[in-house]
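Worksheet: one structure, shown below.
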Amino acid sequence: MANAESRVFLQGGSVVDGTGAEAFRADVLVEDGMIAGVFRDGADSAVAENAKVIDASGMIVAPGFIDMHSHSDLALFRPEGVGVKLQQGITTELLGQDGLSVAPLSKEDHEEWQGRLSGLLGEEPRDWTWETVSEYFDAIDAIPPELNACYLLPHGPIRAAVVGNDDVPTTPEDRKKMGAMIQRGMDAGAVGFSTGLIYPPCSYADREELADLNRYAAEAGGFFVVHMRNESHRVLDSFEEMRWVSEKSGCPLHVSHLKVAGLPNRELWPDLLAAIDDARAQGLDVTFDQYPYAAGSTMLDALLPKWVHSGGVEQILERLGNPDTRQRIFDELTTPESSGASENMYARSGPEGVMVTWVKSDENAWVIGKDLQEIADGMGEHPAVALMDLLLEERLAATMISFWGKEEDILPAMRHPAGLACTDGIYGPHPHPRLGGAFPRILGEFVRERQVLSLPEAIARMTSKSAARLGLSDRGVIAAGKAADITVFDPDTVESRATYEEPLRPPRGIEYVLVNGRLAIERGKPTDVRSGKVLGPGR
Ligand SMILES: [Zn+2]
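Numbering (the working numbering), first residue to last: 72 to 610.
What follows is the structure, given as structure tokens:
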């Protein structure tokens, strides 16, 4: 029997249906988790019977937004959940990013990976009950979360399970074992395979290994998501490497958080977009995602040279404590990026361009929200020394924002036809403002204020195009028969209010959000309804 809980009638709104089409006036009926009807000439009064009626006049009715790069893998389990995503109108997140996540992962490896991932994924829950991918999915469904989740199989734990965390090559035999894990994960309902080629142990893989592994993902209908090996002075080489992997494996390519980092490298932006155009013109299936800011956020230890990461947490701490290796780290950090083959985020951003956003201990909590220069001044040390001391004291459990470019440079990518929207949000007491503000910022700042792209185009990048990438044929569009993930917002007021100084201020203008047909946000306030679930093939 239908009741007001399961029937919602959105009356008088302007529908931007996600396909890129212009807005049209229509009423929308939601029933039992599905969009039951879209009435362009208005529905007759019988349709709204027994339904909760919402006055959507003056508002945009759009498909629920899809966050193509999310780090909520563990945050979903926190008592406070991921409301910071929901408040932006996001109804589905893509987890398992950068080759770094929590399944598949055997019990014996939990402790090492909990330590290693805390800067990226947070500390809760302390008890991981799962080992396999399907057990992880069951654990998510059992919460249940505020919004839906899709999952990428992470290269890191899969590589570590077969050859450990050292800087070693893999044999064809090793790759078969890794491939079997990918196959099992895809069977469980994952949508693709991810790697992060600045993060060990993913960074130890060469292009042949990546092509071999991607064949398994491609065979199962998945796609390949990559944080490229170099996002600065060697970004073009890195894209070529990924293009080669995609061609060789036949696996569709999706580049994470597209950027050209470092002001001296700004001129590479047009070449990077041209390289993407060229690959697409040759018939390769290439997309990317982008957060609408010119600063990034990740684990603080990503500033350290690559060789320092070999082994595990204990070996890294040993190198940070040994006078000889400390000196070598210091020398490399303070050498300009352009003189080396790999990225040097520390040299590129400078100590003033790195803000610490989380540390584990209470004793060092004073550094949160400060840049490395300020922290160094507080310690009476050189900033590179302060960085090493802080990582040592926190046992690597620390997170940062790094400022990498100029905002005007990100606009052509925002307009590019292969571009999709993401937050890349990382949780913490003083996070990057993208965590709670990325999607409203696109709608307020870049659509309404600066008219970088039209509203239907922006919505398509947040919805139907992303759903197509994920293989979610029943989402991303407002049409009868589709799943009822819907976001209703005021186009005149929608905006992010989160800033680098005050990153936790909630956005404005997101009025109603339905997840699988249930109202999760009503009149701008969360309802405590949790109706999300894991989405993917066979789930
Ligand atoms: Zn990321």
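All C-beta atoms, glycine included, are put in the ideal place defined by N, C-alpha and C.
How far does the beta strand (DSSP E) with residue i in it extend, from its first residue to its last?
i, result
"Pro175", "Looking at the DSSP string, Pro175 is not in any beta strand (DSSP E), and its letter there is neither H nor E."
"Trp315", "Not the beta strand (DSSP E): Trp315 falls in the alpha helix (DSSP H), residues 306-320."
"Ile592", "589-593"
"Val357", "357-361"
"Val425", "425-430"
"Tyr583", "581-586"
"Met105", "105-110"
Roughly how many angstroms separate the alpha carbons of residue i and residue j, rounded to a whole number?
i, j, result
"Val331", "Ala492", "17 Å"
"Val118", "Val548", "21 Å"
"Ala365", "Glu478", "5 Å"
"Asp198", "Leu224", "21 Å"
"Ala213", "Gln522", "42 Å"
"Glu516", "Asp495", "18 Å"
"Ala73", "Gly508", "Here the model assigns Ala73 a pLDDT of 44, short of 50, so the residue's position is not dependable, and the following value carries that caveat. Near 36 Å, if we compare the C-alpha coordinates of Gly508 and Ala73."
"Ile557", "Val379", "46 Å"
"Arg546", "Gly89", "10 Å"
"Pro502", "Arg78", "37 Å"
"Phe560", "Gly256", "36 Å"
"Arg486", "Val518", "11 Å"
"Asn393", "Thr406", "20 Å"
"Leu374", "Ile347", "28 Å"
"Leu344", "Ala97", "37 Å"
"Ile269", "Gly227", "11 Å"
"Phe110", "Ala418", "57 Å"
"Met139", "Glu528", "16 Å"
"Ser544", "Ala538", "7 Å"
"Glu408", "Leu307", "16 Å"
"Val87", "Arg390", "54 Å"
"Glu520", "Tyr222", "34 Å"
"Trp201", "Gly424", "38 Å"
"Trp315", "Ala447", "43 Å"
"Ile452", "His181", "One detail in the question is off: residue 452 reads as Glu in this sequence, not Ile. Each residue's alpha carbon lies about 35 Å from the other."
"Ala288", "Gln254", "7 Å"
"Pro272", "Glu279", "15 Å"
"Ile581", "Gly383", "43 Å"
"Gly235", "Phe294", "25 Å"
"Gln444", "Ser420", "11 Å"
"Gln159", "Thr428", "21 Å"
"Gly108", "Val132", "13 Å"
"His328", "Leu462", "25 Å"
"Glu302", "Pro483", "17 Å"
"Ala489", "Leu81", "31 Å"
Mind checking residue i: buried by the 16 CB within 10 Å criterion, or exposed?
i, result
"Asn587", "buried"
"Trp184", "buried"
"Phe208", "buried"
"Glu93", "exposed"
"Gly292", "exposed"
"Ser128", "exposed"
"Gly242", "Correcting the residue identity first, residue 242 is Thr in this sequence and not Gly. Exposed, because fewer than 16 other Cβ atoms sit within 10 Å of the Cβ of Thr242."
"Lys536", "buried"
"Phe95", "exposed"
"Gly113", "exposed"
"Met416", "buried"
"Met299", "buried"
"Arg594", "exposed"
"Asp258", "exposed"
"Asp126", "exposed"
"Lys156", "buried"
"Gln168", "buried"
If you follow the alpha helix (DSSP H) that residue i is part of, which residue opens it and which one closes it?
i, result
"Pro527", "526-533"
"Phe295", "Looking at the DSSP string, Phe295 is not in any alpha helix (DSSP H); the run it does join, the beta strand (DSSP E), is 294-298."
"Tyr222", "Per DSSP, Tyr222 belongs to no alpha helix (DSSP H); it is in the beta strand (DSSP E), 219-225."
"Ser205", "204-213"
"Tyr270", "First-last for Tyr270: undefined, no H or E at that position."
"Thr396", "394-404"
"Gly253", "Per the sequence presented here, residue 253 reads as Ile, with Gly not at that position. It spans 243-259 - the alpha helix (DSSP H) in which Ile253 sits, taken as one unbroken run."
"Glu516", "No alpha helix (DSSP H) holds Glu516; DSSP gives it neither H nor E."
Mind checking if residue i is an interface residue toward chain B, Cβ cutoff 8 Å exclusive?
i, result
"Asp258", "The displayed structure is made up of one protein chain only, and chain B is not part of it."
### Query
Which residues, in chain order, sit with a beta-carbon under 7 Å away from any heavy atom of ligand 1?
His140, His142, Gln168, Asp169, His298, Ser327, His328, Thr369, Asp495
### Validate contact between the region 596-605 and the region 210-219 using beta carbons, cut 8 Å, 3 pairs
yes
### Message
Quick check: the region 167-175 against the region 144-152, are at least 3 beta-carbon pairs closer than 8 Å?
### Response
yes
### Query
Does the count of Cβ pairs from the region 452-472 and the region 317-325 closer than 8 Å reach three?
no
### Query
So, do the region 433-443 and the region 400-407 have three or more beta carbon pairs nearer to each other than 8 Å?
no
### Query
Do three or more CB pairs link the region 283-291 to the region 186-194 at distances below 8 Å?
no
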